[in-house]
Ligand SMILES: [Zn+2]
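Numbering (the working numbering), first residue to last: -16 to 468.
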């Protein structure tokens, strides 16, 4: 049976094997930092840890290549620590054990760390090589990408000297990523004084569930249902037609997901019990009809609950429901020059009104910062009209694609020469370190690519072995054929 030591290209797999021996879960990167610094120093290269904890290694151009543009090979040093429930493994102490299963390399019941160990291993192989001809090279290995891109955010302007950045942290061989989305959280809040429930009213809880949800960037183009949006439609109608009052409403629980569930407690005159039960059933049928083919059947249920003493005052309730109903949701715009590629989106992630406090959290994403900011303003306006306080938190930049990039054109040609097929060029609607690093270092020409990985961040993580040679050969070709200054 073959092992990691038998795989091709040997230099890349040898370096990856070394990385599997070093515990490096996010937040515990001391050992891997030391390893990388020693790697650079043993090659006699300038090697240092910057203020943010990133490792930078520099390798001068080979003779005759000094007038080439400087290339930065970039990856991240940490890995996501996930294991099967029955697996005994201490990510801070134990090495990752690998298995070859057909064309896949996996770990034994844990994440493999091919994200981004293979990117770092490939960069190490380029730096070790005595054969590859190259212009000035830098290696940037960032700290704690997986938990919040802390190393990338902490990078100081001027740390990097190169003009081209090759990010080696993508997961589909044959794809060149040329843009990503930035993001900003919009947080709207309000405090109110509850009022007594009307005499004779009875209370119900309505629960919407079974939606598919998903990643608010990668899955937003699929047009899935948003539990908060559907609940707003129901409540709007229930208030208008059946004199319903709102006691509480909670939907969604992750700022970067499409909300899958929402529930609300409402009160209603006792005489209207049948009307509200029928309305819930009608909306369940309507929602399932509207989302047939996108959602598997969604459930909208009503149950009677004990009547509470107090509820939301009706003017607050009406404004709040109106604002959620009016709030833009889903894909807002596609990139004009790149078909079927999302530029801006929002996800109406979390809605909560209960016990005198209301809060709404939305993650607005956009590859073009000005459009992302315009969307954030528009979303905020919706809730400030409802009398809520609106703030923005955690803004980070997108990476605006440049279809005229010289490294993109060079790499497209090289890919075709090497593999007799076209590479696909994509923009990802999620955050990448390129967005953050590009904002700190304006003018960088960037591409993100990598070998094919499956199920990263899970114990099922695997690296597709044949893709690693293609990825490395392509990387070497890019380094050797870098455009001149
Ligand atoms: Zn990664």
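Don't be surprised by glycine CBs; every beta carbon is placed ideally from N, CA and C.
May I ask you to report which of helix, strand or coil DSSP gives residue i?
i           : result
residue 104 : helix
residue 204 : helix
residue 432 : coil
residue 95  : coil
residue 62  : strand
residue 70  : coil
residue 195 : coil
residue 216 : helix
residue 150 : strand
residue 124 : strand
residue 459 : helix
residue 176 : coil
residue 23  : helix
residue 494 : This structure cannot settle anything about residue 494, because the visible part of the chain is limited to -16 through 468.
residue 237 : coil
residue 16  : helix
residue 393 : helix
residue 30  : strand
residue 320 : coil
residue 57  : strand
residue 426 : coil
residue 275 : strand
residue 158 : strand
residue 139 : coil
residue 116 : coil
Quick one: what's got a C-beta closer than 6 Å to residue i's C-beta in the same chain, skipping five residues either side?
i           : result
residue 409 : 158 and 160
residue 201 : 413
residue 135 : 125, 416, 419 and 420
residue 435 : 155, 156, 447 and 450
residue 100 : -1 and 2
From this set, the options, which residue's C-alpha is nearest residue i's C-alpha?
i           : options               : result
residue 228 : 238, 194, 187 and 373 : 187
residue 29  : 37, 174 and 20        : 20
residue 198 : 231, 313 and 262      : 313
residue 203 : 348, 456 and 388      : 348
residue 273 : -12, 117, 207 and 68  : 207
residue 211 : 376, 335 and 65       : 335
residue 299 : 461, 175 and 384      : 175
residue 133 : 419, 257, 275 and 288 : 419
residue 373 : 167, 443 and 285      : 167
residue 240 : 458, 330, 223 and 122 : 330
residue 17  : 38, 27, 424 and 266   : 38
residue 316 : 280, 288 and 355      : 355
residue 179 : 338, 455 and 381      : 338
residue 351 : 52, 411, 104 and 286  : 411
residue 86  : 452, 467, 462 and 468 : 452
residue 190 : 246, 184, 152 and 235 : 246
residue 214 : 103, 332, 11 and 105  : 332
Applying the 10 Å Cβ sphere with the 16-neighbour rule, what's the burial state of residue i?
i           : result
residue 156 : buried
residue 50  : exposed
residue 249 : buried
residue 368 : exposed
residue 181 : exposed
residue -9  : exposed
residue 2   : buried
residue 515 : Outside the modelled stretch of the chain, which goes from -16 to 468, sits residue 515, for which no answer is possible.
residue 276 : exposed
residue 465 : buried
residue 253 : exposed
residue 445 : buried
residue 43  : exposed
residue 149 : buried
residue 67  : exposed
residue -16 : exposed
residue 468 : exposed
residue 78  : exposed
Could you name the residues of the same chain whose beta carbon sits closer than 8 Å to that of residue i, not counting the 5 residues immediately before and after it, in chain order?
i           : result
residue 395 : 159, 405, 406 and 408
residue 219 : 304, 305 and 308
residue 34  : 137 and 139
residue 393 : 461, 464, 465 and 466
residue 288 : 186, 187, 188 and 248
How many whole angstroms separate the CB atoms of residue i and residue j, which I take to be in contact at a CB cut-off of 8 Å?
i           : j           : result
residue 439 : residue 226 : The Cβ separation is near 51 Å, so there is no contact.
residue 22  : residue 107 : 6 Å
residue 40  : residue 110 : 7 Å
residue 55  : residue 162 : Not a contact, Cβ separation roughly 18 Å.
residue 285 : residue 251 : Going by Cβ atoms, the distance from residue 285 to residue 251 rounds to 11 Å, so no, they are not a contact pair.
residue 63  : residue 89  : No, residue 63 and residue 89 are not in contact; Cβ-Cβ is about 15 Å, not under 8 Å.
Excluding five sequence neighbours on each side, which residues of the same chain lie with their C-beta closer than 7 Å to the C-beta of residue i?
i          : result
residue 45 : 116 and 117
Counting only beta-carbon separations shorter than 9 Å, does residue i have a partner in chain B?
i           : result
residue 351 : Reference to chain B is not applicable here, since this structure consists of a single protein chain.
Kindly examine ligand 2 and report whether one of its heavy atoms sits closer than 8 Å to the Cβ of residue i.
i           : result
residue 127 : Annotation note on ligand 2: not contained in the displayed structure, which lists ligand 1 as its ligands.
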